[in-house]
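Chemist: Anchor point for the sequence shown: position 3 equals 77 in my numbering, and the numbering is continuous, going up by one each time. Provided herewith is a single structure, encoded as structure tokens, for subsequent inquiry.
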Amino acid sequence: MFKGSIVALITPFKNNSLDEDSYISLIHHHLNNGTSGLVPAGTTGECPTLDHDEHHKVIELCVKESKGKIPVIAGTGSNSTDEAISLTKFAEKSGADAALVVTPYYNKPTQEGLYQHFKSINDNCSIPIIIYNIPPRSVVDMSVDTMARLFELKNIVGVKDATGDLDRVKKQKDKMGSEFIQLSGEDGTALEFNLKGGVGCISVSANVAPKLCAEFQEASLSKNNSNLMAKAKEINEKLMPLHKSLFIESSPSPVKYAASLLNLCSDDVRLPLVKITEKTKKEVKSAMKHANLI
Numbered sequence: 075m076f077k078g079s080i081v082a083l084i085t086p087f088k089n090n091s092l093d094e095d096s097y098i099s100l101i102h103h104h105l106n107n108g109t110s111g112l113v114p115a116g117t118t119g120e121c122p123t124l125d126h127d128e129h130h131k132v133i134e135l136c137v138k139e140s141k142g143k144i145p146v147i148a149g150t151g152s153n154s155t156d157e158a159i160s161l162t163k164f165a166e167k168s169g170a171d172a173a174l175v176v177t178p179y180y181n182k183p184t185q186e187g188l189y190q191h192f193k194s195i196n197d198n199c200s201i202p203i204i205i206y207n208i209p210p211r212s213v214v215d216m217s218v219d220t221m222a223r224l225f226e227l228k229n230i231v232g233v234k235d236a237t238g239d240l241d242r243v244k245k246q247k248d249k250m251g252s253e254f255i256q257l258s259g260e261d262g263t264a265l266e267f268n269l270k271g272g273v274g275c276i277s278v279s280a281n282v283a284p285k286l287c288a289e290f291q292e293a294s295l296s297k298n299n300s301n302l303m304a305k306a307k308e309i310n311e312k313l314m315p316l317h318k319s320l321f322i323e324s325s326p327s328p329v330k331y332a333a334s335l336l337n338l339c340s341d342d343v344r345l346p347l348v349k350i351t352e353k354t355k356k357e358v359k360s361a362m363k364h365a366n367l368i
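Here it is in structure tokens:
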């Protein structure tokens, strides 16, 4: 159910408020261009600066507008266990298909703390939960053994892996088996990730290249078809400059600028994020041209 090109949706703003019209248009843009799943209110959606009402609204709108056509994996993580439970309960009530829950940031919990955090969410909800393991942002790194313990629980179904360690894919597959859903959290390593046992990517680049990212994922998951693998490699090379340019400065500022070039939404972000520099704009534009997006 959760595989292929899953977009980490940006949250459009206008005058520092949620731009609902642009957000709804974005969702339909993905429905029309082959995206396999939607992630509202993730890090790319600037969840740290959304208030609770806005957080709820972007999840509700995403569920409503997608109408069950593709899965909605709502971002519901927090470094407060009670808050993560509350957000996950809301996502479940709203009709989301799953929750993406990040490892608690700043607190630096131990492996046992990580286990108890996710177990508490699991025990209070009935929605599938995907662990979001991203040490560069959260500082903590969930071990394979801790992940395996969590996979024994009823609702833990997989991981969005943004560790940057491609060896993890095989280790996690060996430990948990093929039923454990492994999604890449990095566009730039998605090809190798899938070759090692992954089944998709929660993508930033898909915000502005949904069709290409969908075609790439479909081709890269056809491991026994040499023609499709050649196609996957070709698309990957086409998109690689874009993947890199969207992280020259803190995300999602670059991807929002890229989206503005396509008239999908404004490039407004909320403090402490700021708009990208002119130098970065040139890099993003160049990458968009390389991918024939503009």
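In this text, a Cβ means the ideal position worked out from N, Cα and C, and glycines have one as well.
Give me, in chain order, the residues of the same chain whose beta-carbon lies closer than 8 angstroms to that of A288; leave out the 5 immediate sequence neighbours on both sides.
Modeler: Taking the first residue of the sequence shown as position 1, residue 288 is located at position 214. The answer, listed in chain order, is G78, S79, N107, G108, T109, S110 and A280.
Chemist: Could you have a look at K88 and say whether DSSP puts it in helix, strand or coil?
Modeler: On the sequence shown, residue 88 is found 14 positions in, with the first residue counted as 1. Looking at K88 - three-state DSSP - the assignment turns out to be strand.
Chemist: Any idea what DSSP makes of A280, helix, strand or coil?
Modeler: As a position in the sequence shown, residue 280 is number 206, starting the count at 1. Helix, per DSSP.
Chemist: Taking only runs that begin and end inside the region 119-159, name each unbroken alpha helix (DSSP H) of 4 or more residues, in chain order.
Modeler: With a minimum length of 4 residues, the continuous alpha helix (DSSP H) runs that stay inside the region 119-159 are 126-140.
Chemist: Would you mind working out which of L269, H191 and F321 sits nearest S154, comparing C-alpha positions?
Modeler: Position 80 of the sequence shown, counted from the first residue, corresponds to residue 154. Nearest of L269, H191 and F321 to S154, Cα basis: H191.
Chemist: Cα-Cα, which of V278, I255, S360 and V329 is closest to G262?
Modeler: Your numbering for residue 262 matches position 188 in the sequence shown. The residue with the shortest Cα to Cα distance from G262 is V278.
Chemist: Taking a contact to mean a Cβ-Cβ separation below 8 angstroms, would you say G151 touches Y206 in this structure?
Modeler: Stepping through the sequence shown from its first residue, residue 151 is reached at position 77. Stepping through the sequence shown from its first residue, residue 206 is reached at position 132. In contact: G151 and Y206 (Cβ atoms closer than 8 angstroms).
Chemist: In chain order, which beta strand (DSSP E) runs of at least 3 residues are fully inside the region 150-229?
Modeler: Segments of the beta strand (DSSP E) lying fully in the region 150-229: 172-176 and 203-207.
Chemist: Looking at the strands, I want to know which residues DSSP matches up with V358.
Modeler: Start at 1 with the first residue of the sequence shown, and residue 358 comes out as number 284. For V358, which the question treats as bridged, DSSP gives no partner whatsoever.
Chemist: What residue range is occupied by the uninterrupted beta strand (DSSP E) comprising V81?
Modeler: Position 7 of the sequence shown, counted from the first residue, corresponds to residue 81. Where V81 is concerned, the enclosing beta strand (DSSP E) stretches over G78 to A82.
Chemist: Quick test of your reading: K163 and N198, contact by CB under 8 angstroms. State the CB separation rounded to the nearest angstrom.
Modeler: Counting from one through the sequence shown, the residue named residue 163 turns up at place 89. Counting from one through the sequence shown, the residue named residue 198 turns up at place 124. Confirmed, Cβ separation roughly 7 angstroms.
Chemist: Where DSSP assigns a beta bridge to C275, which residues make up the other side?
Modeler: Numbered from its first residue, the sequence shown carries residue 275 at position 201. Answer is S79 and S258, bridged to C275.
Chemist: With a 10 Å radius around its C-beta and 16 neighbouring C-beta atoms as the bar for buried, classify K88 as buried or exposed.
Modeler: Counting from 1 along the sequence shown, the entry for residue 88 is found at position 14. Result: exposed.
Chemist: Just reading off the beta strand (DSSP E) that V404 is part of, what are its end residues?
Modeler: Beyond the ends of the chain as shown, which are 75 and 368, falls residue 404; an answer cannot be given.
Chemist: Taking D95 as part of the alpha helix (DSSP H), name the residues at either end of that continuous run.
Modeler: Start at 1 with the first residue of the sequence shown, and residue 95 comes out as number 21. Segment E94 to L105, the alpha helix (DSSP H) holding D95.
Chemist: Going by beta carbon distance, what residues of the same chain come within less than 6 angstroms of H51, once the five residues before and after it are set aside?
Modeler: In the structure displayed, the chain extends from 75 to 368; residue 51 sits before or after that span and is not available.
Chemist: Provide the residue span of the alpha helix (DSSP H) that contains R344, from first to last.
Modeler: To locate residue 344, count along the sequence shown from 1; it is residue 270. Counting along the chain, R344 falls outside any alpha helix (DSSP H), and DSSP gives it neither H nor E.
Chemist: Taking the straight line between their C-alpha atoms, what separation do you get for K193 and R223?
Modeler: Here the question's residue 193 lines up with position 119 in the sequence shown. Here the question's residue 223 lines up with position 149 in the sequence shown. When rounded, the distance between both Cα atoms is 10 angstroms.
Chemist: In chain order, what residues of the same chain have a beta carbon less than 6 angstroms from the beta carbon of D92, not counting five sequence neighbours either side?
Modeler: Within the sequence shown, numbered from 1, the residue matching residue 92 stands at position 18. Note that residue 92 is Leu in the sequence shown, not Asp. Hits under 6 angstroms: E128.
Chemist: DSSP three-state call for D239: helix, strand or coil?
Modeler: Counting from 1 along the sequence shown, the entry for residue 239 is found at position 165. In the structure shown, D239 sits in coil (DSSP, three-state: anything other than H, G, I, E or B).
Chemist: How is K270 classed by DSSP in three states: helix, strand or coil?
Modeler: Along the sequence shown, read from residue 1 onward, the residue named residue 270 stands at position 196. Residue state, collapsed to three classes: coil.
Chemist: Cutting at 6 angstroms between CB atoms, please list the residues of its own chain near E134, excluding the five before and the five after it.
Modeler: For this step, residue 134 is matched to residue 60 along the sequence shown. Within the same chain, E134 has close Cβ partners S168.
Chemist: Could you check what DSSP says for K234 in three-state terms: helix, strand or coil?
Modeler: Locating residue 234 in the sequence shown gives position 160, where the first residue counts as 1. In the structure shown, K234 sits in a strand (DSSP, three-state: E or B).
Chemist: Report the rounded CA-to-CA distance for I159 versus E308, giving the unit in angstroms.
Modeler: Taking the sequence shown and counting its residues from 1, one reaches residue 159 at position 85. Taking the sequence shown and counting its residues from 1, one reaches residue 308 at position 234. Their Cα atoms are separated by approximately 42 angstroms.
Chemist: Which value, in whole angstroms, describes the spacing of the CA atoms of V243 and E253?
Modeler: In the sequence shown, residue 243 corresponds to position 169, counting from 1. In the sequence shown, residue 253 corresponds to position 179, counting from 1. C-alpha separation (whole angstroms): 13 angstroms.
Chemist: For S324, tell me which candidate among L335, L338, T354 and V213 has the shortest Cα-Cα distance.
Modeler: Mapped onto the sequence shown, residue 324 falls at position 250. Ranking L335, L338, T354 and V213 by Cα distance to S324 puts T354 first.
Chemist: Assess, as a yes-or-no matter, whether the region 297-317 is touched by the region 337-355 under the definition of 3 or more beta carbon pairs within less than 8 angstroms.
Modeler: At 8 angstroms Cβ cutoff, the stretches do not touch.
Chemist: Given this structure, state the Cα-to-Cα distance separating S327 from G187, to the nearest angstrom.
Modeler: Within the sequence shown, residue 327 is the residue found at index 253, counting from 1. Within the sequence shown, residue 187 is the residue found at index 113, counting from 1. Roughly 32 angstroms between the two C-alpha positions.
Chemist: Rounded to whole angstroms, how far is the Cβ of S200 from the Cβ of E166, which I believe are closer than 8 angstroms?
Modeler: Within the sequence shown, numbered from 1, the residue matching residue 200 stands at position 126. Within the sequence shown, numbered from 1, the residue matching residue 166 stands at position 92. Right, the Cβ-Cβ distance comes to about 6 angstroms (below 8 angstroms), so this counts as a contact.
Chemist: Out of H130, S319 and L174, state which residue places its alpha-carbon closest to the alpha-carbon of N229.
Modeler: To locate residue 229, count along the sequence shown from 1; it is residue 155. Per the Cα distances, L174.
Chemist: If we ignore side chains and look at the alpha-carbon of each, how far apart do D342 and Y331 end up?
Modeler: For this step, residue 342 is matched to residue 268 along the sequence shown. For this step, residue 331 is matched to residue 257 along the sequence shown. Cα to Cα, the separation comes out at about 8 angstroms.
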